[in-house]
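Chain order of the listed sequences is F and D.
The numbers in numbering that gives the first Met the number 0 rise by one with no breaks, and the one at position 19 of the first sequence is 18.
The numbers in numbering that gives the first Met the number 0 rise by one with no breaks, and the one at position 187 of the second sequence is 186.
Cβ atoms here follow ideal geometry from the backbone N, Cα and C, with glycine treated the same way.
It should be emphasised that the depicted structure is a prediction, and the values quoted were computed from it without experimental measurement.
One structure is given here, and the rest of the page talks about it.
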Amino acid sequence: MNLTLRIWRQSGPQDKGRMVTYQVDDVSPDMSFLEMLDVLNERLILDGEQPVAFDHDCREGICGMCGLMINGNAHGPQRGTTACQLHMRQFSDGDTIDIEPWRARAFPVIKDLVVDRNAFDEIIAAGGYITAPTGSAPEAHSVPVAKANADAAFESAACIGCGACVAACPNGSGMLFTAAKVTQLSLLPQGQPERYTRVIGMVDAHDEAGFGGCTNAGECTVVCPKGIPLSTIGRLNRDYLAATAKRGDTPGT
Amino acid sequence: MAVTGILLVLFLIAHMLGNLKIFTGAVSFNHYAEWLREIGAPLLPSAGFLWLQRVGLLVAVLLHIWAATVLALRARAARPVRYAHRKKVQGSYAARTMRWGGVIILLFVIYHILDLTTGTLNPVGDPARPYANVVADFAPGRWYVTLFYTLAIVALGFHLRHGVFSALRSLGQQTPRGEQRARAVALVFAVALCVGYLVVPFAVLTRLVS
Numbered sequence: 000m001n002l003t004l005r006i007w008r009q010s011g012p013q014d015k016g017r018m019v020t021y022q023v024d025d026v027s028p029d030m031s032f033l034e035m036l037d038v039l040n041e042r043l044i045l046d047g048e049q050p051v052a053f054d055h056d057c058r059e060g061i062c063g064m065c066g067l068m069i070n071g072n073a074h075g076p077q078r079g080t081t082a083c084q085l086h087m088r089q090f091s092d093g094d095t096i097d098i099e100p101w102r103a104r105a106f107p108v109i110k111d112l113v114v115d116r117n118a119f120d121e122i123i124a125a126g127g128y129i130t131a132p133t134g135s136a137p138e139a140h141s142v143p144v145a146k147a148n149a150d151a152a153f154e155s156a157a158c159i160g161c162g163a164c165v166a167a168c169p170n171g172s173g174m175l176f177t178a179a180k181v182t183q184l185s186l187l188p189q190g191q192p193e194r195y196t197r198v199i200g201m202v203d204a205h206d207e208a209g210f211g212g213c214t215n216a217g218e219c220t221v222v223c224p225k226g227i228p229l230s231t232i233g234r235l236n237r238d239y240l241a242a243t244a245k246r247g248d249t250p251g252t
Numbered sequence: 000m001a002v003t004g005i006l007l008v009l010f011l012i013a014h015m016l017g018n019l020k021i022f023t024g025a026v027s028f029n030h031y032a033e034w035l036r037e038i039g040a041p042l043l044p045s046a047g048f049l050w051l052q053r054v055g056l057l058v059a060v061l062l063h064i065w066a067a068t069v070l071a072l073r074a075r076a077a078r079p080v081r082y083a084h085r086k087k088v089q090g091s092y093a094a095r096t097m098r099w100g101g102v103i104i105l106l107f108v109i110y111h112i113l114d115l116t117t118g119t120l121n122p123v124g125d126p127a128r129p130y131a132n133v134v135a136d137f138a139p140g141r142w143y144v145t146l147f148y149t150l151a152i153v154a155l156g157f158h159l160r161h162g163v164f165s166a167l168r169s170l171g172q173q174t175p176r177g178e179q180r181a182r183a184v185a186l187v188f189a190v191a192l193c194v195g196y197l198v199v200p201f202a203v204l205t206r207l208v209s
């Protein structure tokens, strides 16, 4: 199939950037979306032009590196799929495809389609961890975990931190990511010691990074390649309300 | 947003139930309006409860608008460069129209107070005869008033469709099954409130109430 691509080209953080149109011919429907971009890049290199920069790593949907806004859809039209796992058979011959980077103040564009997602690392650093005893792994049954909690925690732990939730959010909020990390740890016994300082720290880090506020619009969960449910944000809210009521970090209360 | 929204919703319920008294006849409806002024007597002066309620509602509305403005400004700042290609609605239509819907509702509330509280824009405008005010307001000749009223109530319905669910979520609703229930409650409540408000003008329009 023959496709027309309109791709965001930006030579660096200071460049203003623009959409540039490319023609890609003889695309196999069995190619992945990133392989299609590889074909374009090979041709651009042979022509002596700058190839299109885009993030990618595992190409099997588990690393969270790839992230493209494809025709206004984060990760493209197929639900529950990362851009690297999206096949060209989702498109038709003669289609025009718009490809843009994630758009958020907290995710500045480095080059072309590559954005800096360091803001997510800062949120994790503000509380997305547990006080793990070092040494050999303990016997798995020594700390009982209710099956329902284990399932819900696992569901949240599936978050790969790709940033599609931020890209799709009308408010530019990263609350689904933050909530997934909070939920994963607060549902397990290992996460209890820092449970309430975690939620305050991570939400503060989220706001400081320049993300917008959540209005429960629900766009995030629609585009999430791992299907993180919107209800995780409710778990974050409940932890946050409990944490602000407890004031555990104030001496004498 | 959630707490002030719930205060406003409680008022909406009471206001709707009061409106429905129009079906019990002019004497009963006017008497109800008179009673509203006498609540709390003799402890409160005449219309004392109404003024307490008005101040409370005004504070709630202002805080609600302030919170919404903060969120809207943060959203704008969070995405300085817009998408060239953006699908408008992927999640919920009601959620995406909260801000403009809120503006429409605010404009309507201002008109509504000038119309049926102060009587400035009402063809009868007699505070002692609220029944006559309502009947004159929605007379078939003033179809545009009924049309604006209907549009505002439908906007309110959409606002509540998302608002009720979002308030429950903000206050800690956290299970997937509870989410389905919360969305169902929000939908039923929004539709019920819309119907409760819209039967009055349409009853006047069809001369069931005259």
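What is the DSSP secondary structure of residue i, reduced to helix, strand or coil?
i: F/Y21; result: strand
i: F/L4; result: strand
i: F/M30; result: coil
i: F/K180; result: helix
i: F/I69; result: strand
i: F/V221; result: helix
i: F/F90; result: coil
i: F/I44; result: helix
i: D/A13; result: helix
i: D/F137; result: coil
i: D/V203; result: helix
i: F/F210; result: coil
i: F/I61; result: coil
i: F/F253; result: Since the first and last residues shown for chain F are 0 and 252, residue 253 of chain F lies out of range.
i: F/A242; result: helix
i: F/I96; result: strand
i: F/V114; result: strand
Name the chain D residues that come within less than 8 angstroms of residue i, Cβ to Cβ?
i: F/A167; result: Q89
i: F/G79; result: Per Cβ cutoff of 8 angstroms: no residues; F/G79 is ~14 angstroms from chain D at best.
i: F/L240; result: L170, G171
i: F/V222; result: Q89
Which bits of chain F does residue i rub up against, with CB to CB less than 9 angstroms?
i: D/L82; result: Rather than Leu, the amino acid found at residue 82 of chain D in this sequence is Tyr. M68, G71, D97, E99, R102, A166, listed in chain order.
Below 9 angstroms on C-beta distance, what does residue i contact in chain D?
i: F/N148; result: The contacting residues do not exist; F/N148 stays about 12 angstroms from chain D at best.
i: F/R237; result: L170, G171, Q172, Q173
i: F/S172; result: R73, A74, A77
With 16 other CB atoms within 10 Å as the buried threshold, where does residue i fall?
i: D/I109; result: exposed
i: F/I69; result: buried
i: D/E33; result: exposed
i: D/I112; result: exposed
i: F/I6; result: buried
i: D/G162; result: buried
i: F/E41; result: exposed
i: F/Y128; result: exposed
i: D/T3; result: buried
i: D/R176; result: exposed
i: F/F153; result: exposed
i: D/A225; result: Nothing can be reported for residue 225 of chain D, as the shown portion of chain D is limited to 0 through 209.
i: F/T252; result: With a pLDDT of 47 at F/T252, under the threshold of 50, the predicted position of this residue should be treated as unreliable, though the coordinate-derived value follows. Classification of F/T252: exposed, given that the 10 Å Cβ count is below 16.
i: D/I12; result: exposed
i: D/E178; result: buried
i: F/N117; result: exposed
i: D/V58; result: exposed
i: D/S169; result: buried
i: F/L45; result: exposed
Our contact map puts residue i next to residue j with C-beta atoms below 8 angstroms; I'd like the distance itself, whole angstroms only.
i: F/G79; j: F/P224; result: 6 angstroms
i: F/L43; j: F/L4; result: With a Cβ gap of about 11 angstroms, F/L43 and F/L4 do not count as contacting.
i: F/D92; j: F/N1; result: 6 angstroms
i: F/K110; j: F/G11; result: 6 angstroms
i: D/I21; j: D/V199; result: 6 angstroms
i: F/D29; j: F/H86; result: 7 angstroms
Using a cut-off of 8 angstroms between C-beta atoms, extract the partners of residue i located in chain F.
i: D/F164; result: N215
Which chain F residues are close to residue i, counting only those with a beta carbon under 7 angstroms from its beta carbon?
i: D/R85; result: G71
Could you list which residues in chain D have their beta carbon closer than 7 angstroms to that of residue i, in chain order?
i: F/E207; result: Those within 7 angstroms of F/E207 in chain D number zero; the least Cβ separation is about 12 angstroms.
i: F/F210; result: A77
i: F/R234; result: Q173
i: F/E218; result: Q89, G90
i: F/P228; result: P175
Original post:
Using Cβ-Cβ distances below 8 angstroms, what residues of the stretch 95-107 of chain F are close to chain D?
Top reply: D97, E99, R102, A103, R104, A105
Subject >> Short-range partners of chain F found in the stretch 66-79 of chain D, where Cβ spacing is below 7 angstroms >> reply: L70, R73, A74, A76, A77, R78, P79
Subject >> Cβ-based contacts, 8 angstroms cut-off: residues of the stretch 94-107 of chain D near chain F >> reply: A94, R95, M97
**OP:** Scan the stretch 16-39 of chain D for residues whose Cβ lies nearer than 7 angstroms to a Cβ of chain F and list them as they occur along the chain.
**Re:** none
**OP:** Would you list, in chain order, the members of the stretch 2-20 of chain F that have their beta-carbon closer than 7 angstroms to a beta-carbon of chain D?
**Re:** M18
Subject >> Residues from the stretch 186-208 of chain F in contact with chain D, defined by Cβ distance under 8 angstroms >> reply: none
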